[in-house]
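Data block below; observations after.
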Amino acid sequence: MMFYCSSIMEIILFVYNIVQIYYILYMVECKLFLCILFKIKETYFSLHIRRSFSHTNPVMVGIAVKKIKKRVAALFGLFIFCFSIVLMRIYVIGQNDTLKSAAQAQSSQTIEVTRSRGMIYDCNGEPLVDTEQRYLACVAPSEESAEALIAMLGENSRQGILEKIASRMPFVTEVPSANLFCPQIQVLKGTNRYGQFQLAEHVIGYLDAGGTNGMSGIEKAYNDYLNQTGYSASVRYTVDARGNVLDADSPQILLEEEQRGAGVVLTLDRYIQMVCEQAAWNQSLGKGAIVVMESDTGKIRAMVSSPGYYNDNISGAMEQESSPLINRALCAYPVGSTFKLCVTASALENGVTPNTIFECTGSIDVDGQVFHCHEREGHSWLDLARALKVSCNPYFIHLGSLIGAEKLYKTAFDFGFSRADMLAPGITSEEGNLPKPAEIQSDADFANLCFGQGSLLATPVQIAKMVSVFANGGNLVCPSLVESLVDAQGNVMSQETMGEPARILSEETVDTIRGYMESVVSNGTGVYAKPEHMGAGGKTASAQTGVYDKNGKEIVHAWFAGFFPEENPKYTVVVLKEGGGEGSFTAAPIFKEIADNLYYYMNQDKIHEQNDGN
């Protein structure tokens, strides 16, 4: 009978069973065994003593024999005692889990094939990471496995494969498919954390070189939870004392999937994110940002920063002059004429009537400093509605003088200017800059502020907050990027809370300005933003930076900020194009492409029914 023991633990158990059988037999026949033993010993020692003491007193001989018998019995008893101790020790070892594991580790080798962090989902439960499948082959070295791999990977791989095979150690390699039919090869499915065309890379972030810790974005903000969830897959091989795989045993696949599917749910909508990234590409956004926010809630449905980067090539991104790792949606920029919406709101809230007229001659002089209108010949007489539609700078300088610095500052602060927005733990926008009245040193400085120039800075997210106020009826919302944390079954573990919307404008003011913004798109400076369906409202801007390129031309940022659709607005959309010049021509068309796709997204059921009917 042959016994094959694959581990030290099995050997211990085998010995224990044999000893246990022997111990039972000993207990049953103990007297018989002792009698036979003592009889043999008595005969042996009697003969030995008689030969040695043939001329000795018989009484002394008898005493000597008795002493020897006692010593033999004592030695035998000691043997039984020691053997019992060994038996007890073997039993204790057999019951110790740590020692079992140690024994198993000595006779096996486990290779982790793949490991994944927790998931990151969009608001509809669609995965934003781990979307690309890959195949990983765990290979036990043998001639058969070598030939199977070479047949799949090609002759160019032969040398590398043979070197790995020669090590006699199991290894993992990526293969193009699962069609490897070899007993020594186990093929498991895995995923790439980031896809070749990864969506929302600036929001999601990236991992360290080891792939274990988040370094930016959601990966960093929820690093602990994402590390605790996820899954792993390993293959265990039986090996000999030298670590060589034993062919007699089949490898064991070990899966840890208890937390598979758990992760973070974002406010992003995969479709809207894809639409915005495609629009940025189609319209050559270059350097810039796009933000799509749900007007009523502040939930960010898309956030694009251009240029993008590949999450698995951070070193390459760092070397680029365009700084692709920067999330431009969270950076502060000069905002230009988008700020005229705030000036208009402040004026109406502080008693200035929409019928206030002013004659634009093409320029206005403030304390000896001349400010020009983009229409050099002027706009002649304007009221508030027309001034916003044509974006007349002199009119808004005049309007600001009617309000005053204190009131304008309060309105702008209420809109969220100069206040950072925390979109998720660790993901916070820049504060920007809103000059306080005491910091405004002259009327000319204040005049600059009234049409969005000077030291005024704001982020695309802050501009989206401002526009949302007009879209939702007068409430300032808190922008957010995260909905909740979910477990493997999709149950909500914790709901991310946002601040409650706060009313900052009257309904009358909101309705008036919304009408103005709709005119901007229908027949004003924002006509290139006009969607094919349902209409929209918005404001263009060309923001001077005071920075000049190598040709001596000032860099001007292009903006378009608006809402869609025209009636009952659902989305706020902000487009920033660095160095884009006039927002009317470069930023507005991007808004249009996004709005057109939002229309199809919002009405897809109706459109499908119409198509089916035709």
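Offset between the sequence shown (1-based) and the numbering used here: plus 185.
Quick reminder that beta carbons are idealized off the backbone N, C-alpha and C, glycines included.
The structure displayed is predicted, hence computed values, not measured ones.
Check, Outcome
"Element boundaries [alpha helix (DSSP H), containing Glu-692]", "692-708"
"Within-7 Å CB hit, Gly-720 to chain D", "Considering every chain present, this structure includes no chain D. It has just one protein chain."
"Buried versus exposed call for Thr-538 [16 or more other C-beta atoms within 10 Å across all chains shown]", "exposed"
"Status (buried if at least 16 other CB within 10 Å, exposed otherwise) for His-557", "exposed"
"Beta strand (DSSP E) segment containing His-557, residue limits", "554-557"
"Val-449 versus Gly-303 - alpha carbon distance", "8 Å"
"DSSP three-state assignment for Ile-588, whether helix, strand or coil", "helix"
"First through last residue of the alpha helix (DSSP H) which encompasses Val-549", "A small correction: the amino acid at residue 549 is Ile; Val does not occupy that position in the sequence shown. Premise fails: Ile-549 lies in the beta strand (DSSP E), 548-551, not in any alpha helix (DSSP H)."
"Rounded Cβ spacing between Ile-457 and Ile-389 (contact assumed at less than 8 Å)", "Not quite, the Cβ-Cβ distance comes to about 15 Å (not below 8 Å), so this is no contact."
"Three-state class that DSSP yields for Ser-419 in the structure shown", "strand"
"Cβ contact check for the stretch 632-643 and the stretch 614-623: 3 or more pairs under 8 Å", "yes"
"Residue from Gln-638, Gly-709, Asn-496 and Leu-334 whose Cα sits closest to the Cα of Glu-404", "Asn-496"
"Counterpart residues of Gly-723 in DSSP-defined beta bridges", "Gly-747"
"Three-way DSSP call (helix, strand, coil) for Gln-789 in this model", "helix"
"Spatial neighbours of Tyr-594 in its chain, beta-carbon cut-off 6 Å, leaving aside the 5 residues before and after", "Pro-622"
"Straight-line Cα distance separating Lys-735 from Ile-511", "23 Å"
"For Cys-308, three-class secondary structure by DSSP", "coil"
"Contact between the stretch 362-379 and the stretch 309-321 (3+ Cβ pairs under 8 Å)", "yes"
"Best match in Val-654, Phe-636, Gly-720 and Glu-624 for proximity to Glu-752 [C-alpha to C-alpha]", "Gly-720"
"Delimiting residues of the alpha helix (DSSP H) encompassing Ile-499", "499-503"
"Per-residue DSSP class, three states only, for Ala-532", "helix"
"Span of the alpha helix (DSSP H), counted from its first residue to its last, around Leu-470", "No alpha helix (DSSP H) holds Leu-470; DSSP gives it neither H nor E."
"Nonlocal neighbours in the same chain, by C-beta distance under 8 Å from Asp-781, ignoring five residues either side", "Pro-716, Glu-717 and His-718"
"Selection from Gln-413, Glu-386 and Thr-414 that minimises the alpha carbon distance to Ser-401", "Glu-386"
"Whole runs of the beta strand (DSSP E) within the stretch 584-640, excluding any shorter than 3 residues", "607-609"
"Expected contact under 8 Å - CB spacing of Leu-384 and Ala-322 to nearest Å", "Not quite, the Cβ-Cβ distance comes to about 29 Å (not below 8 Å), so this is no contact."
"Separation of Thr-423 from Ser-352, as counted between CA atoms", "16 Å"
"Boundaries (first-last residue) of the beta strand (DSSP E) holding Tyr-410", "Careful: Tyr-410 lies outside any beta strand (DSSP E), inside the alpha helix (DSSP H) at 408-413."
"Cut-off 7 Å between Cβ atoms - residues of its own chain near Gly-380, not counting five sequence neighbours on either side", "Thr-316 and Glu-317"
"Per-residue burial, Glu-703 [other beta carbons within 10 Å of its own, 16 or more giving buried]", "buried"
"Selection from Glu-624, Glu-340 and Ser-327 that minimises the alpha carbon distance to Phe-356", "Ser-327"
"As assigned by DSSP and simplified to three states, the class of Val-759", "strand"
"Residue burial classification, Arg-486 (beta-carbon count within 10 angstroms, cutoff 16)", "buried"
"Rounded separation between Leu-761 and Gln-647 - CA only", "12 Å"
"Neighbourhood of Lys-349 by C-beta, 6 Å cutoff - its chain only, sequence neighbours within 5 removed", "Phe-356"
"Bounding residues of the alpha helix (DSSP H) (the contiguous stretch that carries Gly-768)", "768-771"
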